[in-house]
Amino acid sequence: MIVVDANVVASLVMPGESAELAEALHRFDPEWVAPSLIVSELLSVLHKGVRARRWRLADAEASLGLALELVGERQVDPEPALVLRLAERSSCTTYDCEYVAAAEMFDCVLATFDAQLLKAFPGRAIHPERLLAG
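Residue numbering for the sequence shown follows numbering that gives the first Met the number 0, beginning at 0 and increasing consecutively.
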């Protein structure tokens, strides 16, 4: 089991430069967990892509469906006080810290492309390439 952030999930369900890496990560460990916040974050990413005409609304809806299948019933709500403490001791937003808190809930890693999270939480956040390298 690994916690994944919205960028990792988006990379798997939408065309882009990190798609192959996200696919490899999913083959490596298909049990992905995320805070329920991920739905709002994915909606935002998809909406921006539709507005920028990178993809059609129908494609965005299909991608959203795939993303929800990936984390479906494995969405969690981390302890708010923990999220606040993590944000206070780092330079990360509370939104980002929800992913870290979810990883702490399950004592597992957070797979992310986010450089700020990787720097702030080196013991918990890990880049997918590094995770796959073992």
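In this text, a Cβ means the ideal position worked out from N, Cα and C, and glycines have one as well. Because the structure is a prediction, the values reported are computed rather than measured.
Open item on the list: With distance defined between alpha-carbon atoms, name the residue in GLY71, ALA101, VAL70, LEU63 nearest to GLU78.
Closed with: Locating residue 78 in the sequence shown gives position 79, counting from the first residue. Checking every option, the nearest Cα to that of GLU78 belongs to ALA101.
Task: Secondary structure of PRO14, DSSP reduced to three states - done: Here residue 14 corresponds to residue number 15 of the sequence shown, with the count starting at 1. It is coil, neither helix nor strand.
Task: Cβ-Cβ separation, VAL99 to ARG123 (assumed contact under 8 Å), whole Å - done: Within the sequence shown, the letter at position 124 stands for residue 123. Within the sequence shown, the letter at position 100 stands for residue 99. Rounded, the Cβ-Cβ distance is 6 Å, consistent with contact.
Task: Cα-Cα separation, GLY48 to GLY15 - done: Mapped onto the sequence shown, residue 48 falls at position 49. Mapped onto the sequence shown, residue 15 falls at position 16. About 12 Å.
Open item on the list: By the DSSP assignment, the alpha helix (DSSP H) with VAL32 in it spans what residues?
Closed with: Locating residue 32 in the sequence shown gives position 33, where the first residue counts as 1. Premise fails: VAL32 lies in the beta strand (DSSP E), 31 to 34, not in any alpha helix (DSSP H).
- [ ] Grab the span of the beta strand (DSSP E) containing VAL2 for me, first residue to last.
- [x] Looking up residue 2 in the sequence shown gives position 3. Per DSSP, VAL2 is one residue of the beta strand (DSSP E) stretching across 1 to 3.
TODO: Please report the Cβ distance between VAL105 and VAL8, rounded to the nearest whole angstrom; I am assuming they are in contact, meaning their Cβ atoms lie under 8 Å.
DONE: The count along the sequence shown starts at 1 and reaches residue 105 at position 106. The count along the sequence shown starts at 1 and reaches residue 8 at position 9. First, the amino acid is wrong: residue 105 is Phe here, not Val. Contact doesn't hold; Cβ gap of about 17 Å is too wide.
Task: ALA74 - partner residues in DSSP beta bridges - done: Counted from its first residue, the sequence shown places residue 74 at position 75. Rather than Ala, the amino acid found at residue 74 in this sequence is Gln. Under DSSP, GLN74 takes part in a beta bridge, and its partners are ALA33.
Task: Sequence-distant residues of the same chain with beta carbon closer than 8 Å to LEU20, five excluded per side - done: In the sequence shown, the residue the question calls residue 20 occupies position 21. So the qualifying residues of the chain are SER10, PRO127, GLU128, LEU131.
TODO: May I have a chain-ordered list of the beta strand (DSSP E) segments no shorter than 3 residues that lie completely inside the stretch 74 to 109?
DONE: none
TODO: Kindly give me the distance between the Cβ atoms of ALA5 and ILE37, rounded to whole angstroms, as I take these residues to be in contact under 8 Å.
DONE: As a working note, residue 5 is residue 6 in the sequence shown. As a working note, residue 37 is residue 38 in the sequence shown. Indeed, because the Cβ distance is near 5 Å, the residues count as touching under 8 Å.
Open item on the list: Report the CB separation of LEU41 from ALA110 in whole angstroms; it is logged as a contact under 8 Å.
Closed with: Counted from its first residue, the sequence shown places residue 41 at position 42. Counted from its first residue, the sequence shown places residue 110 at position 111. Actually they are not in contact, since the Cβ atoms of LEU41 and ALA110 sit about 15 Å apart, beyond 8 Å.
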